[in-house]
Each structure stands twice: as C-alpha cells, then as structure tokens.
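> Right, I'll just put the structure down here and ask away after.
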Amino acid sequence: RTPLIVIKEEKTWREALRFCRENHVDLVSVLSEEMQDWVGVVTQNAFSNVPSRVWIGLRHTCAQGFWFWVAGETICYQNWAPGNETRVEDCGNVKRTGAMLSDIMSSVMHFVLLFSAPLIVIKEEKTWREALRFCRQNHVELVSIESEEMQDWVGVVTQKAFSNVTSRVWIGLRHTCALGFWYWVAGETICYQNWAPGNGTGVEDCGDVERTGAMLSDKRTPLIVIKEEKTWREALWFCRQNHVDLVSVQSQEMQDWMGVVTQNAFTNVPSRVWIGLCHTCAQGFWFWVAGEPICYQNWAPGNGTGVEDCGDVKRTGAMLSD
1 RTPLIVIKEE KTWREALRFC RENHVDLVSV LSEEMQDWVG VVTQNAFSNV PSRVWIGLRH
61 TCAQGFWFWV AGETICYQNW APGNETRVED CGNVKRTGAM LSDIMSSVMH FVLLFSAPLI
121 VIKEEKTWRE ALRFCRQNHV ELVSIESEEM QDWVGVVTQK AFSNVTSRVW IGLRHTCALG
181 FWYWVAGETI CYQNWAPGNG TGVEDCGDVE RTGAMLSDKR TPLIVIKEEK TWREALWFCR
241 QNHVDLVSVQ SQEMQDWMGV VTQNAFTNVP SRVWIGLCHT CAQGFWFWVA GEPICYQNWA
301 PGNGTGVEDC GDVKRTGAML SD
C-alpha cells in the first residue's frame, strides 16, 4: 500500500496543504477505521511525547455547510471525537489515536501526507476529448483545480514545461449544455471558481487553463444507447472501459431528453435502460456514480426509498430502482 509520511515541521493547515502539493502529494484522507488506526500508528511512531495531533486533508465549507476531503474522495466513514463534527471551522486534524477533530486553520501542527502521482504535462497537441481519452487509457485523469493553491501549482508546472510556446493546457473541466453547469470529469464537487473575464457563463462543454491559472472555456457530448443487455455493474464496467460513464439525470429536461433518445433507439423492445444512479446501503442514500450532486428527483411510485444499490430509467423518463 501507499506509504504515509509524517512531516515534523509545524505549519498551519493551508501551509501544510501547500507544502504537500508543491511536492506532488496530498494531505491524507482517512476513509476507514483501518486507515484511522494506521494514521494513529504512524504518527505515534513519529512522535513519542510531543504533539498529539497532526493535520489531515479534511476541510469544511462554511458556504455549503459540509466537510470534504481535499484529495476528492467521498466521505463514507466518520468517527468524530465528541463535540467536533458540528463546529464550523473549515479544516480538520486527527488525534494520533485516530479520532477526528476540527481545529482553527491558523493553528500550527505537524501533518501527514499521502504520496500520489505528480502533475504531468503532455506536450502533444490534442483536442479536449483526445486529451481525456489519452489520460484514461493511461489510468490517470485530466487535472481538477479545486483551490487557489492547486491553480497556482498548475501554473508553476505548466510554466516550467513551456517557456514561450502554448499559453493554455487542457484540464478536467466540462460543461453540460442540457443542464447548464460545469463539473470536473474526475467527479469532484466544484467548490472553487476563478474564471478569466468573459468565461464560465457560456454553454461550452470543456475547459482549459491559462498557464497563469485563470480558467477559460472552450462543446457537448451526445447520449449513446448501448443495445446489449447487461447487469448494472456490467454496464458501468463497459462504460468506464470505453472512457465514458453511465448518464446522470439531473433535471426534467435531461429526463425528457433521455426519454426521446431511448425511444428512438428502441421501438417496442425494452422499457428500461440503466443510468448512473447507485445506492449505498451503509449510508442510506442514492448518488450519481459520475460524481454530480443529486439536485433533482422524479421517482416512479414506490421507488427511491428502498435499499437497492443501482438505478435505471424508463424510456418515458421516470426514475426506477431495480
């Protein structure tokens, strides 16, 4: 497994995050009890009787009122120390015993980072779609810019890669014309925006970034109906092997569009097709596997409240579970 590294320099949470990303790693995400125990063991070995807490990659957004991992993972595991999970600070740390705590970001502490792949600039000219395909064929993803620090880092890396050549590089930002919003193709929530003047409000479907870091926009992907019968998991696997994802239905317009496309594909054959809706029994909620938040629901009667673990949609558009 990937090694944990404990940095014995006292820094604020932001300084710790910046340090990690300048060194092509990230503050650690604690995604399970085993990981929490492991962080406890590693930090206990690093410090005998010195500090009892180290920074991790947990952050709180005051505007939206939720916690998230800065590395982009979903929060599926929580084990808060008493009285901590309800505070409004926007960063997190973990006791060496493993219990999560919240703390003020201006505090200084040691921190734990997790090795990850560095940013890689590909000096081949490609369209955005070609760039995305190239990345996924090589088991990586176009970069997501989720903070000013990350934007600065992308700027530094691309500036080093190109001196006076190209002024822009593709990132993993995409626009859905049907729903009218931007999203990261890797699935992270858009919590940070810093658009160059005149960008970000149009209907283009993909993004690039100036080497200075300012985001710029650059058109749209069709729905494709696969006429092979598969289980939901087989369908998801098939999509991802082909560098796409099961569709997310996030508005009435999108649901109607799904109905039209599937109706055109099948005349009197099946009445349902799989979409990218999945249920987590452990947490008791539905989510889109492509990572978008569920802001729209239109369930067929008797559906949506059970513990099923996947979703499909009628060609008429009503969501069903199966």
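Residue 1 is where the sequence shown starts when you use UniProt numbering, and the numbers rise one by one after that.
In this text, a Cβ means the ideal position worked out from N, Cα and C, and glycines have one as well.
In this text, all values refer to a predicted model and were calculated from it rather than measured experimentally.
Mapping the DSSP letters down to three states, classify V25 as helix, strand or coil.
It is a strand residue.
> Taking the beta carbon of T221 as the centre, do at least 16 other beta carbons fall within 10 Å, making it buried, or is it exposed?
Confidence in T221 is poor, its pLDDT being 40 and thus under 50, which makes the residue's placement unreliable; the coordinate value appears in the next sentence. Counting Cβ neighbours within 10 Å, T221 comes out exposed, since fewer than 16 surround it.
> Would you mind sorting R26 into buried or exposed? The rule is 16 or more other CB atoms within 10 Å of its CB.
Position check: residue 26 holds Asp in this sequence, whereas Arg was assumed. When all chains shown are included, D26 counts as buried.
> So for V6, helix, strand or coil by DSSP?
Strand.
> CB V70 to CB E146, shorter than 8 Å?
Yes.
> According to DSSP, simplified to helix, strand and coil, what is L277?
In the structure shown, L277 sits in a strand (DSSP, three-state: E or B).
> Closest to E10 by CA distance: which of R53, L31, M35, G40 is it?
Comparing Cα positions, the closest option is R53.
> Between the C-alpha atoms of M100 and I120, what's the straight-line distance to the nearest angstrom?
Unreliable placement is indicated for M100, whose pLDDT of 43 sits below 50; no coordinate value is reported for it.
> List the DSSP bridge partners of L236.
Paired residue(s): none; L236 is not in a bridge.
> Strictly by DSSP, which residues pair up with L173?
BP columns for L173 point to W184.
> In or out: T231 buried (at least 16 other Cβ within 10 Å) or exposed?
So T231 counts as exposed.
> Specify, as a first and last residue, the run of the beta strand (DSSP E) that V42 falls within.
Element bounds for V42: not the beta strand (DSSP E) but the alpha helix (DSSP H), 33-46.
> Among residues of its own chain, excluding the 5 on either side of L236, which ones have a beta-carbon nearer than 7 Å to its beta-carbon?
Same-chain partners within the cutoff: L246, V289.
> If you run the structure through DSSP and keep just helix, strand and coil, what is A131?
It is helical.
> Tell me the DSSP secondary structure of L17 in three-state form.
L17 falls in the helix class under three-state DSSP.
> Taking the alpha helix (DSSP H) that W299 belongs to, which residues open and close that run?
It is not in any alpha helix (DSSP H) - W299 carries neither H nor E in the DSSP assignment.
> Can you tell me whether D205 is buried or exposed, with buried defined as 16 or more other CB within 10 angstroms of its CB?
At D205, the pLDDT of 39 sits below 50, so the modelled position is not reliable and the matter cannot be decided from this model.
> What is the DSSP secondary structure of V54, reduced to helix, strand or coil?
Three-state result, V54: strand.
> Tell me, please, which residues DSSP counts as bridged to R59.
BP columns for R59 point to F68.
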